[in-house]
Amino acid sequence: MLKNSSWITYPKKEEYSCPVFKREFKINGEIKKATLKITSLGCYYATINNERIGDFILAPGWTFYKRAQMQTYDITSQLKEENEIRVTLSQGWFNGRINIRTRMELPDMRPSLICEIELTYKDGKKEYIRTDRDWECALSKITFSDIYDGEYYDSNYTEKFVPVKVEDYTDFKIVKQQGEIIREQEVIFPQSIFKTPKNETVIDFGQNMTGYFEIELDAKKGERVSLSVAEVLDKDGNFYTENYRSAKAKFEYICCDGHQVYKPKLCFWGFRYIRVDEFPCEITESNIKAIVLHSDIKRTGYLDSSNPLLNKLFSNIIWGQKGNFLDVPTDCPQRDERLGWTGDAQVFVRTASYNYNVEKFFDKWLEDLRLEQKREGLIPFCVPQVHERPGSSTAAWSDAATVCPYQIYLTYGNTKILKRQFKSMRDYVDEIGRITKEKYLWYGCWHFGDWLGLDAPAGSYKGSSNPDIIATIFYAYSVSLVVKAGKVLGKNVAKYEKLYEKILEKGRKTFTEFNTQTECAIALYFDFATDKKAVADKLSTMITENGKKLKTGFVGTPYLLHALSQNGYTELAYDLLLQEEFPSWLYSVKQGATTIWEHWDGMNDKGEFWSKDMNSFNHYGYGSVADWVYGVACGIQTDESKPGFEHIIIAPQPTDKIDRLSASIDTVRGLVASKWYHKDGKIRYEITTPVNATIVIDGVTFEVEKGSYIF
Ligand code: BGC
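Take the position in the sequence shown, starting the count at 1, then add 23; the result is the number in our numbering.
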């Protein structure tokens with residue numbers, strides 16, 4: 024692709040500056056169609072005759088750095104007789120501060136552009152304008168840009184154009200746009216503008232989000248706008264940025280004369296509050312609005328209940344997904360991370376696939392995961408891998424290699440992705456077999472463990488669950504997914520079936536006791552425990568003795584309620600879901616959360632922070648509880664034998680603790696909805712299915728055709 028165009032760069036390496044490339048061209052006749060094919064290393068912002076081309080923000084997105092997605096735009100209506108195309112580039116994800124790996128491996132690299140305009144004239148003649156020596160470039164008015172540190176723009180800067188440097192890259196593959204594009208999704212207006220106790224002017228948008236802002240003002244040439252962002256205020260009501268760690272997350276703008284409107288072009292922030300460090304006038308609501316960015320995924324899932332706190336939790340889960348589905352499933356959008364942590368994606372993928380249609384989004388990310396996988400099968404901590412070294416395969420993180428493709432298959436019935444990923448799935452479990460210190464277990468290796476579990480020893484992020492138990496259970500789970508995927512694809516998986524049996528046999532002999540909430544939850548959920556009743560009773564006792572509160576971290580939390588409801592403890596699962604005291608989902612809601620927190624104890628009830636080091640207020644992981652609400656409380660389940668909701672099982676498990684609960688998913692087969700509510704001492708169920716379904720109400724099974732039913 025783009026075979027006849029050349030990669031071009033600004034001739035000198037100027038860190039964090041944004042070169043702009045331009046080319047003028049004339050049209051010699053009547054145009055039938057004009058298209059632009061373009062990609063870059065670093066993010067691009069392109070205009071033709073001063074008008075933006077397309078609406079892909081932060082194009083071309085973020086991929087495994089050896090491939091770049093190419094976009095095609097129809098620019099016919101933007102052309103005049105004399106034209107000028109301009110493309111501004113930032114280091115972006117390619118080699119900004121976020122990507123330690125490319126900064127180490129490719130120290131001389133600069134943001135680079137390649138494109139081609141194809142002009143088709145009405146008489147059939149074609150003409151091409153391609154990146155080559157004829158282009159010019161200059162440092163642009165965006166004088167600084169870095170994903171972590173923000174963007175600076177000087178309206179008065181005069182660009183000095185020089186000839187471009189033509190590069191001879193052979194290492195970067197240009198591929199068609201594979202994922203969803205990032206778009207501006209909604210506008211949020213300030214809820215209030217106030218002075219903090221420190222006398223700083225702060226704007227509250229009322230919602231923690233990912234995106235940027237647009238300013239509109241009258242000013243004199245040289246006056247400045249300087250803004251900082253934050254997710255929360257501290258206990259005294261002051262602006263708090265320490266949890267951004269080294270990310271400066273600033274916006275600076277030098278005004279021209281007169282009326283002006285500006286929004287950043289190559290950057291994004293995670294924020295709810297903006298501190299006005301400098302502004303030419305007293306800022307008012309009419310001077311600023313926030314713009315929410317995320318991948319253009321379509322919303323498909325809705326949850327609603329009679330409990331306002333629960334509804335806020337549902338909203339926070341959606342915002343957690345919006346905030347972190349920015350081309351790559353990221354851990355958080357604000358601090359100096361914002362990375363495609365595999366574990367986070369793995370725990371959330373099922374919920375994600377019900378809330379939104381993420382088929383295309385994961386198609387692209389999983390392709391990168393596959394490409395990033397090392398020859399031995401190792402799955403790096405993050406995809407795309409940005410660390411200097413990939414780390415080692417780690418339980419519940421690297422399992423994204425098996426869990427994510429299989430879930431995408433279950434939700435959308437997509438066998439293409441499963442087929443493409445199958446080798447990667449297999450290579451990954453084979454790799455575990457090589458690195459373990461004990462055959463048929465995953466034993467003696469380094470792991471993140473039950474990350475952020477509340478039973479962590481002092482000073483540690485790792486919950487006290489035994490990492491070897493977690494790893495062995497995930498090993499068995501991943502092997503079981505290889506077997507299932509293999510069978511779907513008609514492969515011979517006898518070797519993996521045997522391996523699965525062996526892991527279970529040896530694992531069960533080795534690990535006979537489960538002593539933490541997480542150990543019990545995963546031993547139950549993944550059918551590892553042999554005496555399920557005893558383990559479930561133990562789990563219930565541990566939770567009850569802990570005041571009906573959880574202690575689980577990243578690994579245990581997604582399965583905790585499932586483990587309870589599958590083993591006769593549905594009411595206790597509801598107690599956890601509806602718990603309002605710390606630690607719980609609704610605790611953060613009562614603390615004013617508008618997204619999902621990274622930590623159960625991100626902020627205590629005195630408004631103090633648990634730490635400044637690892638304290639994101641926009642981390643979607645614990646939002647995975649939504650899949651229990653969709654799948655158990657409202658009972659909408661995919662039928663593994665007929666994936667993609669070709670047949671649906673709907674088995675709601677209501678409670679007296681909520682008056683009403685409903686879930687709906689706009690599946691690839693149509694809308695499935697399940698609602699129950701209490702009426703006149705009875706429970707009334709309203710169910711809609713787009714296909715044949717098995718409905719289970721109070722233990723009684725009904726086989727129904729597509730339609731709406733009341734029980
Ligand atoms: C991230 C996590 C991630 C973890 C790995 C953190 O810094 O924010 O969400 O999974 O590191 O343990």
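A virtual CB, placed ideally from N, CA and C, is assigned to each residue, including glycine.
Output the distance between the C-alpha atoms of residue i and residue j, rounded to the nearest integer angstrom.
i    : j    : result
T70  : Y429 : 40 Å
A91  : I402 : 21 Å
S63  : A270 : 24 Å
T111 : K36  : 15 Å
N590 : D550 : 11 Å
A557 : P134 : 59 Å
I123 : Y88  : 12 Å
E104 : W620 : 53 Å
T535 : P581 : 23 Å
K56  : A686 : 46 Å
I688 : K321 : 11 Å
D624 : F605 : 7 Å
T533 : L389 : 34 Å
I170 : W420 : 24 Å
S639 : E237 : 24 Å
D478 : T567 : 15 Å
Y523 : A423 : 18 Å
S634 : V248 : 31 Å
I440 : F577 : 26 Å
I80  : Q200 : 14 Å
T9   : R398 : Any answer about residue 9 is impossible in this case: the structure gives the chain only from 24 up to 734.
Nearer than 7 Å: is that true of the beta carbon of residue i relative to any heavy atom of the ligand BGC?
i    : result
C468 : no
E395 : no
F371 : no
G366 : yes
F337 : no
M132 : no
C427 : no
D354 : yes
F632 : no
H806 : The structure shown does not extend to residue 806, since the chain is modelled only from 24 through 734, so no value can be given for it.
W474 : yes
F471 : yes
M637 : yes
E360 : yes
Which residue comes first and which comes last in the beta strand (DSSP E) that contains residue i?
i    : result
E390 : Premise fails: E390 lies in the alpha helix (DSSP H), 382–395, not in any beta strand (DSSP E).
E139 : 135–144
N106 : 105–113
M18  : There is no way to answer for residue 18, as the model of the chain reaches only from 24 to 734.
P413 : It is not in any beta strand (DSSP E) - P413 carries neither H nor E in the DSSP assignment.
R153 : 149–153
D354 : Premise fails: D354 is in no beta strand (DSSP E) and is neither H nor E.
F371 : Counting along the chain, F371 falls outside any beta strand (DSSP E), though it belongs to the alpha helix (DSSP H) covering 365–378.
R247 : 247–253
K164 : Neither: K164 is in no beta strand (DSSP E) and is coded neither H nor E.
How many whole angstroms separate the CB atoms of residue i and residue j, which I take to be in contact at a CB cut-off of 8 Å?
i    : j    : result
T307 : F262 : Actually they do not touch by this definition, with Cβ atoms about 19 Å apart.
E53  : Y144 : 6 Å
P18  : R692 : An answer regarding residue 18 cannot be provided, because it is not within the stretch 24 to 734 covered by the chain.
L256 : Y296 : 7 Å
T32  : E128 : Wrong, their Cβ atoms sit about 17 Å apart, outside the cutoff.
I496 : A546 : 7 Å
N72  : E47  : About 10 Å separates the two Cβ atoms, so there is no contact after all.
N330 : I710 : With a Cβ gap of about 21 Å, N330 and I710 do not count as contacting.
Within 8 Å of any Cβ in chain D, is that where the Cβ of residue i sits?
i    : result
E254 : The structure shown contains no chain D; it holds only a single protein chain.
Which first and last residues belong to the alpha helix (DSSP H) in which residue i is found?
i    : result
K525 : 517–533
G456 : 438–458
G346 : 331–347
T495 : 490–511
D10  : Absent from the structure is residue 10, since the part of the chain shown begins at 24 and ends at 734.
D560 : 555–568
K613 : 608–613
R126 : 123–128
Quick check for students: name the residue ranges of the beta strand (DSSP E) that lie wholly in the region 664–708, counting only runs of 3 or more.
671–673, 683–690, 693–702
Would you list, in sequence order, the uninterrupted beta strand (DSSP E) runs of no fewer than 3 residues that lie entirely inside the region 265–295?
273–277, 281–285
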